[in-house]
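Colleague: Pasting a structure below so you can have a look.
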Amino acid sequence: MPLLKVHLERWFLARWYGPGSPGLVLRALGNLHAVLAVRRRRYWLAHPERRVRSPVPVVVVGNLTAGGTGKTPLVAWLARELQATGLAVGIVSRGHGRRGSGALWVDPDMGASRTGDEPLLLARETGSPVVVSRDRSEACRTLLQSRSVDLILSDDGLQHYRMDRDMEIAVLDRARGLGNERLIPAGPLREPADRLDSVDFQVWNGGVPDGQVGLGMHLDIEVAENLVDGRRMPLTELEGTEIHAVAGIGHPERFFQSLEGHGIQVHRICPGDHGGFRIADLPRDGKPVLMTDKDAVKFSNVDDARLWRVPVRVRLPEGQRLVTAIEEQMRRSS
Numbered sequence: 132m133p134l135l136k137v138h139l140e141r142w143f144l145a146r147w148y149g150p151g152s153p154g155l156v157l158r159a160l161g162n163l164h165a166v167l168a169v170r171r172r173r174y175w176l177a178h179p180e181r182r183v184r185s186p187v188p189v190v191v192v193g194n195l196t197a198g199g200t201g202k203t204p205l206v207a208w209l210a211r212e213l214q215a216t217g218l219a220v221g222i223v224s225r226g227h228g229r230r231g232s233g234a235l236w237v238d239p240d241m242g243a244s245r246t247g248d249e250p251l252l253l254a255r256e257t258g259s260p261v262v263v264s265r266d267r268s269e270a271c272r273t274l275l276q277s278r279s280v281d282l283i284l285s286d287d288g289l290q291h292y293r294m295d296r297d298m299e300i301a302v303l304d305r306a307r308g309l310g311n312e313r314l315i316p317a318g319p320l321r322e323p324a325d326r327l328d329s330v331d332f333q334v335w336n337g338g339v340p341d342g343q344v345g346l347g348m349h350l351d352i353e354v355a356e357n358l359v360d361g362r363r364m365p366l367t368e369l370e371g372t373e374i375h376a377v378a379g380i381g382h383p384e385r386f387f388q389s390l391e392g393h394g395i396q397v398h399r400i401c402p403g404d405h406g407g408f409r410i411a412d413l414p415r416d417g418k419p420v421l422m423t424d425k426d427a428v429k430f431s432n433v434d435d436a437r438l439w440r441v442p443v444r445v446r447l448p449e450g451q452r453l454v455t456a457i458e459e460q461m462r463r464s465s
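Positions in the sequence shown are counted from 1; adding 131 to them yields my numbering.
So this is what it looks like as structure tokens:
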């Protein structure tokens, strides 16, 4: 089944972002999705009394397209920057790929199968309290019942209208953009493209394209860290070396090409977004295995010195605009 999932993802991506046609049936379903998405948003906007309002400000970091755009690294960056100003930050997430759907506190020592890979990574990277639930408003309630926080960051949830929010940040991938601009399943969009007109900020992973507005973000990789002994190695030391690279993220080519930009010869392993793989499935050729942070959290207790995680460093030259806007929103809400 995982292999079938990967093939299906590739088939859809070729039509969403490539020259392939989605076909008449998918286009018809995409048009229906567009109508329903617009009606759904209008309903929630017309009935604010049915939205769940948090007593502290909620900032949603989401996207318009299916798959990864760099939301989670931006949430981690924001959490750390806001913590540095003295604010107590809580984080909520759906916990995609985890077992169960109810509210769960994320302990950094838990396994990714219980929490989802991204929430576990956020808990470890930020030290913030993290709660996962399919119902993000429930996650907010659970968080606030036990912790006193000044604001809540929602990792994804742009389309989760039941959860009221004070600010919306949409993250976009410069390399892919909005693809063919059709809605799922004919294209990658969760909502029509004009939804971007209503968000507070657009953040473009890879830099702002010509003719677009927003803030430019870059995810840089510079070192690899061994999962067994914590040794750190500059990626420049791997120049000319053959390695296996694992990227179970929405846009794996971004990771592979970043490694190749350091002169590394990459053998690609793509388990699919949030996908898993077993150590036993790796080639037994002694080559190093480099993986994204999102994949590495699934192998915290594996004793295999071949495994290295490659953390990303968020570079956001105009990032202070986000921090200042959030601080101003908190003053208005107080």
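Note that beta-carbon positions come from the ideal geometry of N, C-alpha and C, so glycine has one too.
Could you give the C-beta distance for Leu309 and Leu447, rounded to a whole number, given that I count them as a contact under 8 Å?
Modeller: The residue you call residue 309 lines up with position 178 of the sequence shown. The residue you call residue 447 lines up with position 316 of the sequence shown. Actually they do not touch by this definition, with Cβ atoms about 21 Å apart.
Colleague: What does DSSP give as the partner residue(s) for Pro365 in the beta ladder?
Modeller: In the sequence shown, counting from the first residue as 1, residue 365 sits at position 234. In DSSP, Pro365 forms a bridge with Val354.
Colleague: Using DSSP with H/G/I as helix, E/B as strand and the rest coil, what is Arg141?
Modeller: As a working note, residue 141 is residue 10 in the sequence shown. Helix, per DSSP.
Colleague: Between the Cα of Arg267 and the Cα atoms of Ser389, His291, Asp426 and Glu312, which residue gives the shortest distance?
Modeller: In the sequence shown, counting from the first residue as 1, residue 267 sits at position 136. The option with the nearest alpha carbon to Arg267 is His291.
Colleague: Starting from Ile79, follow the beta strand (DSSP E) in both directions and report where the run begins and ends.
Modeller: Lying before the first or after the last residue shown, residue 79 is absent from the chain, which here runs from 132 to 465.
Colleague: So, using beta-carbon positions, are Pro323 and Gly161 closer together than 8 Å?
Modeller: Counted from its first residue, the sequence shown places residue 323 at position 192. Counted from its first residue, the sequence shown places residue 161 at position 30. Cβ distance not < 8 Å, so Pro323 and Gly161 don't count as in contact.
Colleague: Do Ser185 and Leu275 come within 8 Å of each other at the CB atom, strictly closer than that value?
Modeller: Against the sequence shown, residue 275 aligns to sequence position 144. Against the sequence shown, residue 185 aligns to sequence position 54. Cβ distance < 8 Å, so Leu275 and Ser185 count as in contact.
Colleague: Please classify Arg440 as buried or exposed, where buried requires at least 16 neighbouring CB atoms within 10 angstroms.
Modeller: Here residue 440 refers to the residue found at position 309 of the sequence shown. Label assigned to Arg440: buried.
Colleague: In angstroms with no decimal places, state the Cα-to-Cα distance between His164 and Arg245.
Modeller: Position 33 of the sequence shown, counted from the first residue, corresponds to residue 164. Position 114 of the sequence shown, counted from the first residue, corresponds to residue 245. Those two C-alpha atoms are separated by around 31 Å.
Colleague: For Thr216, write down the residues that DSSP places opposite it in a beta bridge.
Modeller: The sequence position of residue 216 within the sequence shown is 85, counting from 1. Its beta-bridge partners do not exist; DSSP assigns none.
Colleague: With contact counted as at least three CB pairs below 8 Å, one residue from each stretch, are the stretch 279-295 and the stretch 184-202 in contact?
Modeller: At 8 Å Cβ cutoff, the stretches touch.
Colleague: Quick check on Thr273: buried or exposed, where buried means 16 or more other Cβ atoms within 10 Å of its Cβ?
Modeller: Taking the first residue of the sequence shown as 1, we reach residue 273 at position 142. Thr273 is buried by the Cβ-count criterion.
Colleague: In whole angstroms, give me the CA-to-CA distance for Met132 and Arg409.
Modeller: One-based indexing of the sequence shown puts residue 132 at position 1. One-based indexing of the sequence shown puts residue 409 at position 278. With a pLDDT of only 41 at Met132, under the threshold of 50, the placement of this residue in the model should not be trusted; the figure read from the coordinates follows. Roughly 14 Å separates the two Cα atoms.
Colleague: With burial defined as no fewer than 16 other Cβ atoms inside 10 Å of the residue's Cβ, what is the status of Glu180: buried or exposed?
Modeller: As a working mapping, residue 180 is identified with position 49 in the sequence shown. With fewer than 16 other Cβ atoms within 10 Å, it is exposed.
Colleague: His382 and Arg307: beta carbons closer than 8 Å?
Modeller: Numbered from 1 along the sequence shown, position 251 holds the residue referred to as residue 382. Numbered from 1 along the sequence shown, position 176 holds the residue referred to as residue 307. Yes. Within cutoff.
Colleague: When the distance is taken between beta carbons, is Asp416 closer than 8 Å to Val359?
Modeller: Numbered from 1 along the sequence shown, position 228 holds the residue referred to as residue 359. Numbered from 1 along the sequence shown, position 285 holds the residue referred to as residue 416. Not in contact: Val359 and Asp416 (Cβ atoms no closer than 8 Å).
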